[in-house]
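There are 2 protein chains.
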Amino acid sequence: MNAALDYARAHGEQFVDQLNDLLRIPSISTDSQYDGDVRQAAEWLRSDLERIGMPRAELMETPGHPIVYAERIEDPALPTVLIYGHYDVQPPDPLELWESPPFEPVIRDGVLYARGTADDKGQLFMHVKAIEAYLATEGALPVNLKIMLEGEEESGSTSLVPFIEQHQDLLAADTVLISDTALFAPGVPSLVYGLRGMAYVEVTLTGPNRDLHSGVYGGAVENPINALCRLIAGAHDEQHRITIPGFYDHVRDLTEEEREGYRKLPFDEADWKEEIGVEHTKTEAGYTMLEGTSARPTLDVNGIWGGYTGEGAKTVLPAKAHAKISCRLVPDQTPDEITEKLRRYFEANTPETMTLTFKNLHGGHGALIDTSAPAMQAAAKAMQGVFGREPLFTREGGSIPVVADFKRILGLDSVMMGFSLDSDAIHSPNEHFALERFHQGIEASIRFMDAYAQQTNGTAA
Amino acid sequence: MNAALDYARAHGEQFVDQLNDLLRIPSISTDSQYDGDVRQAAEWLRSDLERIGMPRAELMETPGHPIVYAERIEDPALPTVLIYGHYDVQPPDPLELWESPPFEPVIRDGVLYARGTADDKGQLFMHVKAIEAYLATEGALPVNLKIMLEGEEESGSTSLVPFIEQHQDLLAADTVLISDTALFAPGVPSLVYGLRGMAYVEVTLTGPNRDLHSGVYGGAVENPINALCRLIAGAHDEQHRITIPGFYDHVRDLTEEEREGYRKLPFDEADWKEEIGVEHTKTEAGYTMLEGTSARPTLDVNGIWGGYTGEGAKTVLPAKAHAKISCRLVPDQTPDEITEKLRRYFEANTPETMTLTFKNLHGGHGALIDTSAPAMQAAAKAMQGVFGREPLFTREGGSIPVVADFKRILGLDSVMMGFSLDSDAIHSPNEHFALERFHQGIEASIRFMDAYAQQTNGTAA
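Protein sequences appear in the order of chains A and B. All residue numbers for the first sequence refer to the working numbering, where the first residue is 64 and numbers rise by one. All residue numbers for the second sequence refer to the working numbering, where the first residue is 64 and numbers rise by one.
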């Protein structure tokens, strides 16, 4: 492994030059006029994977953009790592806010600026270069390796789930490794072990058969907006706990060890508040803000509408009121369970003056990955090797659908070992990625392969 | 008076022919391409008023459409009646739903079909023809008479209040008489003695400085929509009473006599519900539906909006939530008082995580007219004479701004003696007015002038 690390250090500049070639290809997946560029980026990666020594490296067609698939099976007895990444990028608009053109990478003060540097070309390329370093120095990898790079992540990953479902044997592995998340804070090694899931519904209350005059009917016809507000208000108590019956039945509470982990996180509450312009927060009683945003479930109205919403005053007593409502879920809540409990709550509390329409819009499973599992321990060891200190294990409040998909379809947990920062401006003008983190990522990937082989005693699960 | 009544009966067909000439003029005030027609209708009425014997009959210019003003002062010692009406009409759209063209009046089964038959050309013309009948037979009126007909009622009456304010001396009178309301039910003589007022506000709660990702921030940043729903839900208790502190302080409760009057009203609750498609109603505890819709105050959300309201699921934690909220007021509540109490309620209950923006959009005073006043007694006597039975006194749930304006600016109560029906399709295709009611209205107007002179002993107040 040390030879591989030396090789990576010695070839650092060359790796950056190669990455710049990839960054110059505007592989914008949401705009069909760039379809040729998306395919060119895929072919560029396939070619590089072949060149560095992956015996199988091909484009696999989908109804949308191709998936780059490569593998190197050293020995069926060795554990297998499936690396996931995406080679497509967000559109660069608004162009006028870029300090240098989005597809002409430049380095300023050790930071590489271009669309895709952090999300996700720069991060997926860390693994490609780690493989190159290993193969160039050792002639073999310490693990079997499969790499799957999609070209539709920024446009909804439409082809991904069918692809995984159709290629379960091909993708069989012992762990997934993804570098598409952020470090908790600059210079702070961290690994994400928890993600929240989601249950997203739309409710409509219908009262009279048409909008009525509030003067003529107000006082006898119950107002659907007032009624919907009552139902929404009734979903929380004064402790900001959710009152939907059974909502917390399957919530796996934080362990004391996890809470201790939260306390260790470097977190500047004042900065956090200032950035979003709030003076006071509101979290479920008994939990800290960070716990509330990542380890506790929520119920938020994402949108509400009904009646007259134009200028001035119109005295309508509306026929309907609508709300989009979503719950962030934590292990072991499931989207089906919570959607059903929401449905029962709204059904039970809809007044006799109304009819309820309840639509299940979207659901997603959360994830909680055992930090003592070999792959997580290997990642921790790799981060320790790179940063000289133990990484923090963190939970994120959002969802990463592909992590739930890998778990559901392939039964695999994902190691989320990302090197970007929340401040890297992904999806925004002037996206960037510090070269130091690019090199740290290559080193972490080399160290991960080595540590994972050791953790598993070189044996597949 | 009997000669006048005979004259009106003898000239009934001729009056209808004249009305048809007026109905043929498409005086649509909201659409400037009809400006010429609006003026033509005004001139037509001015000319007819002059012809029947009003010494003063002129168009008075405003920044918008002209006001037709006519007067006949018999004797300064006599009481003066100010008749109000409007000669403009609603647009006729959707045209394809009319069984006969909107500006080509036709009679089918004793019912006159055309835009403006009931609202308000047909009703204002009843008074013009009553005056004609009186003057043609008696040579004089039993009261002094002023008549003011506006041409902007269907487009917001923009010029009316400034006109009344600028011409207070000209418009000085003892009572206002308006025929622009409906009978309580077919064949049921009734007079409106109460109208509700209004306080209309818009509230906005602002949380974070931008829309946030509900996964990243949900659980620590309070959601403005959830918070607004809590404030709205908290404005009613389970008895459907309004909980805004002090809200009922100045409510004049119904007298036992009034409640007895309500019980006498012919009201088919099943029909009423079926027409608007509701199976159950909700009224403040202790009051009937009719009391709830006309004699009790309300608080209704007229519109609500915030967050994502498009197709599908978007996981936004919105920065803002908005609602338009109005209260229908009863005597002796005032718009200023209730607006201030609403403001205090929202200020006191806005959580520390939010800022409140509170806008007063619109207010209007209610009206409760003393049924024992000479003008109301004269109207009751007139209705009794026409229908052969005592009229019912009723309260309406809506507001008629001009009634509040006459009270505020001129200090005058209005007699609302209308002959349309809720089923006359005003503002809709196939607007109509039964000729029987047109003739009853002429007779009632003649009888009103006579009775009012007697009630006041022929003396101005």
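We treat Cβ as the ideally placed atom computed from N, Cα and C, and that holds for glycine.
Under DSSP, the beta-bridge partners assigned to A:L212 are A:V131 and A:G148. Proximity of chain A to B:T416 at the Cβ level (cut-off 8 Å) is accounted for by V341, E342, H343, T344 and K345, in chain order. The beta-carbon of A:H425 is placed less than 8 Å from the nearest beta-carbon of chain B. Taking the Cα positions, A:I288 is about 11 Å away from A:M417. The Cβ of B:E285 sits closer than 8 Å to at least one Cβ of chain A. Taken through DSSP and simplified to helix, strand or coil, A:K192 comes out as helix.
Scanning chain A for C-beta atoms nearer than 7 Å to the C-beta of B:G460 yields G278, V279, G281 and G282, reported in chain order. Beta-carbon to beta-carbon, A:D395 and A:R315 are separated by about 5 Å, close enough to satisfy the 8 Å threshold.
Secondary structure note for B:V364: its beta strand (DSSP E) is the uninterrupted segment D363 to G370. Under the three-state reduction of DSSP output, B:S253 falls in the strand class. Taking 8 Å as the CB threshold, B:T361 lines the interface with chain A. Residues of the segment 205-224 of chain B with a Cβ closer than 8 Å to any Cβ of chain A: none. Straight through space, the alpha carbons of B:G278 and A:V393 are spaced by roughly 11 Å.
Using beta-carbon distances, A:M352 counts as an interface residue toward chain B, with a partner under 8 Å. Of the candidates A:V251, A:V364 and A:G297, A:V251 places its Cα closest to the Cα of A:K327. Judged by DSSP in its simplified three-state form, B:R102 adopts helix. For B:L268, no alpha helix (DSSP H) segment is defined; the enclosing uninterrupted segment is the beta strand (DSSP E) at G260 to T269.
In this structure, B:F482 lies near B:Q186, with their beta-carbon atoms less than 8 Å apart.
For A:L380, the closest Cβ of chain B is nearer than 8 Å.
Cβ atoms of A:A177 and A:L246 stay farther apart than 8 Å, at about 20 Å. Using a Cβ-Cβ cut-off of 8 Å, A:P271 counts as an interface residue toward chain B, since at least one Cβ of chain B sits closer than that to its own.
With respect to the C-alpha of B:R119, the residue from B:S110, B:P126 and B:G127 having the closest C-alpha is B:S110. When rounded, the separation of the alpha-carbon atoms in B:S90 and B:D433 is 35 Å.
For B:Y325, no Cβ of chain A is located within less than 8 Å of the residue's own Cβ. Under a criterion of Cβ atoms nearer than 8 Å, no residue of chain A is adjacent to B:V478; the nearest Cβ is some 20 Å distant. Annotated three-state conformation of B:F310 is coil, per DSSP. Note on geometry: alpha-carbon atoms of B:P329 and B:V255 lie some 15 Å from one another. Below 8 Å, enough C-beta pairs join the segment 220-229 of chain B and the segment 448-468 of chain B to call them touching: three or more. Taking a Cβ-Cβ threshold of 7 Å, none of the residues of chain A is close to B:K444; the smallest such distance is about 29 Å. A Cβ-Cβ separation of about 7 Å places A:A262 in contact with A:L405 under the 8 Å criterion.
Under the three-state reduction of DSSP output, A:T402 falls in the helix class. Nearest to B:K345 by C-alpha distance, out of A:S242, A:I115 and A:Y280, is A:Y280.
Residue pairing of B:N423 in beta bridges, as defined by DSSP: B:V264. Nearest neighbour of B:M189 by Cα position, chosen from B:L108, B:V206 and B:A376, turns out to be B:L108. Within chain B, the residues N289 and R293 have their CB atoms less than 9 Å from the CB of A:H299, given in chain order. By the neighbour-count definition (other C-beta atoms within 10 Å, threshold 16), A:P168 is a buried residue.
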